[in-house]
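Enquirer: For the sequence shown, position 71 matches number 81 in my numbering, and the numbering has no gaps at all.
Pasting a structure below so you can have a look.
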Amino acid sequence: MAKLMLHGDLDHPATLSVADLRAREQHRAAVTFDCATNGPQHHVFEGPLLRDLIADAGPAFDARRRKDRSRFLIAISGGDGHHSVLSWAELDADFGDSPVLLATRLDGEDLDEAGSQLVVPSDRCGARYVSAVTHVWFGALAVPGAGM
Numbered sequence: 011m012a013k014l015m016l017h018g019d020l021d022h023p024a025t026l027s028v029a030d031l032r033a034r035e036q037h038r039a040a041v042t043f044d045c046a047t048n049g050p051q052h053h054v055f056e057g058p059l060l061r062d063l064i065a066d067a068g069p070a071f072d073a074r075r076r077k078d079r080s081r082f083l084i085a086i087s088g089g090d091g092h093h094s095v096l097s098w099a100e101l102d103a104d105f106g107d108s109p110v111l112l113a114t115r116l117d118g119e120d121l122d123e124a125g126s127q128l129v130v131p132s133d134r135c136g137a138r139y140v141s142a143v144t145h146v147w148f149g150a151l152a153v154p155g156a157g158m
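In structure tokens:
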């Protein structure tokens, strides 16, 4: 069964299976996006919100300080060789409030063997959709020499 590592600046890093993700509250997203090789795609994904997964893992920021939260990034890697980066501000309810999923089901089919899929419903192209997610890294932007 496929697993992913949730790690980085978190109090509770974890290794999670698709079944572990399915045990969380599931959200549904019917999406249409353009695929460079296959044209328009129409799918229905189900899975937990990425922001809930990270929030429960204890992100290392001061939740009361918006500017502190806005400097955190999320890097996602997949077994398909694709990688994507999101900002925490895109997901945070005080900022973009984007319902990004780690899908456990695609068009009614379980993804247990294939692995979860990153789903960014607001994207018009599928470039940030990552299949067979293996790593979700969460961390702060640190500019060299900036004293952060």
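The beta-carbon is built from N, C-alpha and C at its ideal position, and this holds for glycine as well.
1) Between the C-alpha atoms of R32 and H53, what's the straight-line distance to the nearest angstrom?
2) Tell me, please, whether the region 16-34 touches the region 143-153 by the rule of three or more beta-carbon pairs shorter than 8 Å.
3) Rounded to a whole number of angstroms, what is the C-alpha to C-alpha distance between P69 and E123?
4) Which one of N48, A46, A40 has the shortest CA to CA distance from P109?
5) Out of H92, A85, H93, which one is the CA nearest neighbour of E100?
6) What's the C-alpha gap between R75 and T47?
7) Between L151 and R81, how many whole angstroms is the CB-CB distance? I'm expecting something under 8 Å.
8) Less than 8 Å between the beta carbons of G155 and A113, yes or no?
9) Out of A67, S94, A29, C45, point me to the one whose CA is closest to C135's CA.
10) What would DSSP say about A152, mapped onto helix, strand or coil?
11) Suppose contacts are defined by Cβ-Cβ distances below 8 Å. Is L128 in contact with R115 by that definition?
Expert: Based on what the coordinates show:
1) Cα to Cα, R32 sits roughly 18 Å from H53.
2) Verdict: yes, contact present.
3) Taking C-alpha positions only, P69 is separated from E123 by approximately 28 Å.
4) Of the listed residues, the one whose Cα sits closest to P109 is A40.
5) Residue A85 is the option with its Cα nearest to E100.
6) For R75 and T47, the gap between their C-alpha atoms comes out near 42 Å.
7) About 5 Å separates the two Cβ atoms, so the contact holds.
8) Going by beta carbons, G155 and A113 fall outside the 8 Å limit.
9) For C135, the nearest C-alpha among the options comes from C45.
10) The answer is coil: DSSP assigns A152 none of H, G, I, E or B.
11) No, the Cβ-Cβ distance between L128 and R115 is not below 8 Å.
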